[in-house]
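Residue 249 in the UniProt record's numbering sits at position 249 of the sequence shown, and the numbers go up by one each step.
We put the CB at the ideal spot given by N, CA and C, even for glycine.
Just so it is clear, the structure is predicted and the values come from calculations on it, not from any experiment.
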Amino acid sequence: MSDQVAAPLDAAVASDAAFARISSQPFPQDIFSAPQLRWAVIGCGVIANQMAQVMALAGRPLAGVANRTIEKARAFAERYGVERVYESYDELYADPSIDVVYITTPHNTHITYLRQALAAGKHVLCEKSITLNSAELDEARALAHEHGVVLMDATTILHMPLYQELVRRMNTGEFGQMNLAQVNFGSFKEYGDLTNRFYNPKLAGGAMLDIGVYALSIARLFMASQPKELVSLANRSTTGVDQTSGFVTRNAEGQLGVFSLSLHSKQPKRAMISFDNCYIEATDYPRADHATIVWTNDGHREEVRAGEEGYALAYEIADLEAAVAGDADKLKLLDYAADVMEIMTRLRYEWGVYYPEEAELAAAAGVEVAGA
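Shown next as structure tokens:
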């Protein structure tokens with residue numbers, strides 16, 4: 001028998017495999033602790049299906065669904081036992097029985113739905129990348145504050161129990177000073193159809209918003225403050241979006257982050273966080289449920305497990321509900337997301353990657369909009 005390690009699975013395949021591992025198990029009773037809220041979803045894509053599956057497994061079917069194509073919404077509702085299909089987004093926002101809206105549509109549509117849902121007094125969980133840029137996120141945060149509702153970023157890293165446990169241990173001083181994060185993420189997306197979402201500027205394509213958000217998020221969780229210094233290089237695809245990049249960040253404490261991203265070269269999703277007393281290794285880190293700590297005094301390896309990959313979206317739901325109930329730690333997750341968004345925005349603009357929605361900013365900078 002070969003002792004070679006299998007290559008990482010495609011993200012969608014890996015997610016399906018993770019869900020299959022838990023689908024026949026009793027749902028854990030300790031995931032949800034706050035009062036249960038009524039959820040509706042906007043969009044019927046892959047992530048929306050994953051959310052509906054995990055909620056059904058938890059015995060908490062979605063209360064509503066809205067989609068640009070009503071037929072897809074009806075099919076989605078029938079498949080997952082969703083209580084109500086809305087004929088329009090306005091009908092959803094006006095429904096007083098809905099507490100939370102989960103936005104799962106393409107990046108560039110998020111701000112439109114955020115404005116409407118937050119102004120209607122709905123709490124919102126929004127898929128990554130939560131907005132196109134920092135200005136949009138600032139606007140959404142202001143709206144949430146104005147209307148007294150919770151806005152939360154659905155980037156899985158912010159919600160996985162593994163990282164919450166590791167950050168807890170770091171904060172006790174057990175690991176010593178954090179010094180360096182080295183993070184990479186490489187996917188292989190075919191060039192064939194450059195109108196697909198990965199390379200299409202009209203769908204906010206590019207590596208940064210699609211996969212860079214994961215790399216930056218895991219590093220930021222372990223850093224004492226937001227990095228302010230950035231050095232980078234990037235290659236753009238023929239459509240004008242960022243395709244491959246390498247960048248280094250540094251914060252006021254001197255903590256470095258070293259990152260590599262690619263949409264056209266497969267790499268293992270690997271994060272290494274280095275401290276005075278140890279370093280932490282995590283592979284397939286966006287939804288990781290285990291990591292290895294290597295202690296520098298004697299080289300021994302400690303395996304750490306927390307949570308379960310297949311429940312990734314359940315943790316997001318639980319965190320939103322906990323934040324609504326007043327959990328301060330969950331409420332501040334958006335601060336990490338805002339720090340990451342600011343870095344992503346700065347890097348994109350340095351590379352000259354502006355989307356059609358940012359045409360005025362591109363003109364002021366004297367560069368063309370991606371794909372124009």
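- [ ] Indicate whether the contact test is met: 3 or more Cβ pairs, each with one atom in the segment 334-352 and one in the segment 206-223, closer than 8 Å.
- [x] Verdict: yes, contact present.
- [ ] Using the Cα positions of LEU320 and GLU139, report the straight-line distance between them to the nearest angstrom.
- [x] Straight through space, the alpha carbons of GLU139 and LEU320 are spaced by roughly 20 Å.
Task: Touching by the beta-carbon criterion (3+ pairs, under 8 Å), the segment 127-137 and the segment 331-342 - done: Contact holds: three or more Cβ-Cβ distances are below 8 Å.
Task: For ARG60 and ALA23, the rounded distance between their alpha carbons - done: Rather than Ala, the amino acid found at residue 23 in this sequence is Ser. Cα atoms of SER23 and ARG60: separation of roughly 14 Å, rounded to the nearest angstrom.
TODO: Using beta-carbon positions only, say whether PRO35 and ALA325 come within less than 8 Å of one another.
DONE: Less than 8 Å separates the beta-carbon of PRO35 from that of ALA325.
Task: Cβ-Cβ distance between MET170 and PHE222 below 8 Å - done: Cβ distance < 8 Å, so MET170 and PHE222 count as in contact.
- [ ] In angstroms with no decimal places, state the Cα-to-Cα distance between MET51 and THR155.
- [x] Whole-angstrom Cα-Cα distance: 13 Å.
Task: Where ASP242 falls, given that 16 or more other Cβ within 10 Å makes a residue buried - done: By the 16-neighbour rule on beta-carbons within 10 angstroms, ASP242 is buried.
- [ ] Note down the Cα distance separating TYR102 from GLY310, rounded to an integer number of angstroms.
- [x] So the alpha carbons of these two residues sit roughly 19 Å apart.
TODO: Taking all protein chains shown into account, decide if PHE188 is buried (16 or more other Cβ within 10 angstroms of its Cβ) or exposed.
DONE: Around the C-beta of PHE188, fewer than 16 other C-beta atoms lie within 10 Å, and the residue is accordingly described as exposed.
- [ ] Grab me the residues of ILE98's own chain with a C-beta within less than 8 Å of its C-beta, minus the 5 sequence neighbours each way, in chain order.
- [x] ARG38, TRP39, ALA40, ALA63, GLY64, LEU92 and LYS122.
Task: Distance CB(THR244)-CB(PRO227) smaller than 8 Å - done: Their beta carbons are not under 8 Å apart, which means THR244 does not touch PRO227 by this criterion.
Open item on the list: Let me confirm a value: ASP193 is counted as buried when at least 16 other C-beta atoms fall within 10 Å, else exposed. Which label applies?
Closed with: It counts as exposed.
TODO: Identify every residue that forms a DSSP beta bridge with ASN235.
DONE: When DSSP reads this structure, ASN235 sits in a beta bridge with THR244.
- [ ] Please confirm whether CYS278 and VAL258 have their CB atoms less than 8 Å apart.
- [x] Taking 8 Å as the cut-off, the beta carbon of CYS278 is found no closer than this to the beta carbon of VAL258.
- [ ] Have a look at the DSSP bridge pairing and note the partners of CYS44.
- [x] DSSP, once it has assigned bridges, lists no residue as partnering CYS44.
Task: Per DSSP, cross-strand counterpart(s) of SER274 - done: In the DSSP output, where bridge partners are listed per residue, SER274 has LEU180 and TYR279.
- [ ] Taking all protein chains shown into account, decide if ARG305 is buried (16 or more other Cβ within 10 angstroms of its Cβ) or exposed.
- [x] Within a 10 Å sphere around the beta-carbon of ARG305 sit fewer than 16 other beta-carbons, which makes this residue exposed.
Open item on the list: Counting C-beta neighbours from all protein chains within 10 Å, is the total for LYS266 16 or more, i.e. buried, or is it exposed?
Closed with: By the 10 Å Cβ count, LYS266 comes out exposed.
Task: Nonlocal neighbours in the same chain, by C-beta distance under 6 Å from ILE280, ignoring five residues either side - done: Excluding the 5 residues flanking it on each side, ILE280 has same chain C-beta neighbours closer than 6 Å at ILE273, ALA291 and ILE293, in chain order.
Task: Whole-Å CB distance - ALA215 paired with VAL183, under 8 Å assumed - done: The beta-carbon separation of ALA215 and VAL183, rounded to 4 Å, stays under the 8 Å limit for a contact.
Task: alpha helix (DSSP H) runs wholly inside the segment 50-137, at least 4 long, in chain order - done: Qualifying alpha helix (DSSP H) stretches, in chain order: 70-80, 89-93 and 110-119.
Open item on the list: Taking its Cβ as the centre, do 16 or more other Cβ atoms sit within 10 Å of VAL353, making it buried, or is it exposed?
Closed with: Buried, because 16 or more other Cβ atoms sit within 10 Å of the Cβ of VAL353.
Task: Contact under 8 Å by Cβ, ILE42 with ALA66 - done: With a cutoff of 8 Å on beta-carbon distance, ILE42 and ALA66 are scored as near each other.
TODO: Would you mind stating whether ARG287 and ALA312 have Cβ atoms separated by less than 8 Å?
DONE: In contact: ARG287 and ALA312 (Cβ atoms closer than 8 Å).
Open item on the list: If the criterion is Cβ atoms closer than 8 Å, does the pair GLN255 and ASN196 meet it?
Closed with: Taking 8 Å as the Cβ cut-off, GLN255 and ASN196 do not qualify as a contacting pair.
Open item on the list: Can you look up ARG141 in the DSSP assignment and give me helix, strand or coil?
Closed with: Looking at ARG141 - three-state DSSP - the assignment turns out to be helix.
TODO: Report the residue from ASN251, LEU361, GLY246 and PRO268 whose alpha carbon sits nearest the alpha carbon of SER260.
DONE: For SER260, the nearest C-alpha among the options comes from GLY246.
- [ ] Measure the C-alpha to C-alpha separation of SER262 and PHE185 and round it to an integer number of angstroms.
- [x] One C-alpha to the other measures close to 7 Å.
Open item on the list: Using a Cβ-Cβ cutoff of less than 8 Å, which residues in the same chain neighbour LEU334 once the five nearest sequence positions on both sides are dropped?
Closed with: Once the five neighbours on either side are set aside, the close Cβ partners of LEU334 are ARG141, LEU151, MET152 and ASP153.
Open item on the list: Measuring straight from C-alpha to C-alpha, what distance separates VAL124 and THR172?
Closed with: Straight-line Cα distance between these residues: approximately 32 Å.
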